[in-house]
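Engineer: My questions will all concern the structure given below.
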């Protein structure tokens, strides 16, 4: 039987199952605060990040893992495994996928890099599905085909906590930021093949949430799924309140609350709320 090592990056949300998984390895992104570097999830938590953000003299930055970091890990894994499968943060948001692909060319062990086109818990959900399918004895090609099919059914909607942070990070254009901040617009940010775009503009967070409920209902009714992921920047209580509201309307769904983590928090802000599901995941 082929022995497989699984790799993901530090923007993934690790539940207890994954934290204790013997064949899962994490590569950290880097956060730079006033020229001081921190490894995401290792020496900087989301709580510490948001505390530091209020005191910064320069805009915070994030950077992808280096090709060398992936190469070193893959060379170590080659001693104990037959192949590596890396499920990583959207390549449209970070160079993490590219770094893994470059490192794969420098090592002897076969490495498959899968671009999740997403981040945090939705990426985690894909990772767990891939692990399950491979453990059941399916071929690598089958698992990758199934992951790609499920990935294509994702819907994600984000209410960004800080348009200013998103603008300063380069993830939102100056025009969009100006319109959002000056006209008190609450944009609903979504994903298109791994890229961010403004799905819709509303006049308040309440209106935005009403729109998202409509999206959820339209997605669920023709093809019922089981899980919905609610993501938050810093304030878990906001996610829990929203979860409870949604649970009353959709009692058949399992809502999972999870932190966006420090890297995403740099760009989105502490009051960010997001919601995500896969129409094709059963």
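Residue numbers (the working numbering): 150 to 431. Idealized CB from N, CA, C, for every residue including glycine.
1) Under 8 Å: do the segment 331-345 and the segment 372-384 share three or more Cβ pairs, one atom per stretch?
2) Please name the residue in 301, 213 and 363 whose C-alpha comes closest to that of residue 398.
3) Would you decide whether residue 392 is buried or exposed? Buried here means 16 or more other CB atoms lie within 10 Å of its CB.
4) Using 10 angstroms around the beta-carbon of residue 211, count the other beta-carbons present and answer buried if the total reaches 16, otherwise exposed.
5) Starting from residue 423, trace the beta strand (DSSP E) both ways and give me its first and last residue.
6) DSSP three-state label for residue 186, please.
7) Count the CB pairs spanning the segment 228-236 and the segment 201-218 that are closer than 8 Å, and state whether there are at least three.
8) Which whole-angstrom value describes the C-beta separation of residue 406 and residue 388, a residue pair presumed to lie in contact below a C-beta threshold of 8 Å?
9) Using only CA atoms, which one of 365, 182 and 156 lies nearest to residue 218?
10) By Cβ distance below 7 Å, which residues in the same chain neighbour residue 154 in space, the five residues on each side in sequence not counted?
11) Is there contact between the segment 251-267 and the segment 298-308, where contact requires at least three CB pairs shorter than 8 Å?
12) Here's the rule: buried if 16 or more other CB atoms are within 10 angstroms of the residue's CB, otherwise exposed. What is residue 431?
13) Can you give me the start and stop residues for the alpha helix (DSSP H) that residue 249 sits inside?
14) By the DSSP assignment, the beta strand (DSSP E) with residue 232 in it spans what residues?
15) My understanding is that residue 90 touches residue 255, with C-beta atoms under 8 Å, so please give their C-beta distance in whole angstroms.
16) In angstroms with no decimal places, state the Cα-to-Cα distance between residue 328 and residue 354.
17) First and last residue of the alpha helix (DSSP H) that includes residue 296?
18) Going by alpha carbons, who is nearest to residue 161 out of 425, 396, 410 and 345?
19) What does a CB cutoff of less than 8 Å around residue 403 pick up in its chain, not counting 5 residues either side in sequence?
20) Beta-carbon separation of residue 308 and residue 357 under 8 Å?
21) Just verifying my parser: in three-state terms, what is the DSSP assignment at residue 258?
22) Taking the continuous alpha helix (DSSP H) assigned at residue 151, which residues delimit it?
23) Using only the alpha-carbon positions, how far apart do residue 383 and residue 401 sit?
24) Measuring alpha carbon to alpha carbon, tell me which residue in 164, 306 and 386 is nearest residue 350.
Structural biologist: Reading from the atomic positions:
1) With the cut-off at 8 Å, the segment 331-345 and the segment 372-384 do not touch.
2) 363
3) buried
4) buried
5) It spans 422-427 - the beta strand (DSSP E) in which residue 423 sits, taken as one unbroken run.
6) Note: residue 186 maps to strand in three-state DSSP.
7) These segments do not touch.
8) 4 Å
9) 156
10) 172, 174, 226, 230 and 233
11) yes
12) exposed
13) 245-253
14) 232-237
15) The first residue shown for the chain is 150 and the last is 431, placing residue 90 beyond what the model contains.
16) In this predicted model, residue 328 has a pLDDT of only 49, less than 50, meaning its place in the structure is not dependable; the value taken from the coordinates is given anyway. Distance between the alpha carbons of residue 328 and residue 354: 16 Å.
17) 289-300
18) Ranking the options by Cα distance to residue 161, first place goes to 410.
19) Counting only Cβ-Cβ distances below 8 Å, and skipping sequence neighbours, we find 375, 376 and 377.
20) yes
21) coil
22) Looking at the DSSP string, residue 151 is not in any alpha helix (DSSP H), and its letter there is neither H nor E.
23) If you take the alpha carbons of residue 383 and residue 401, they lie about 27 Å apart.
24) Looking at the Cα atoms, 306 is the closest of the given residues.
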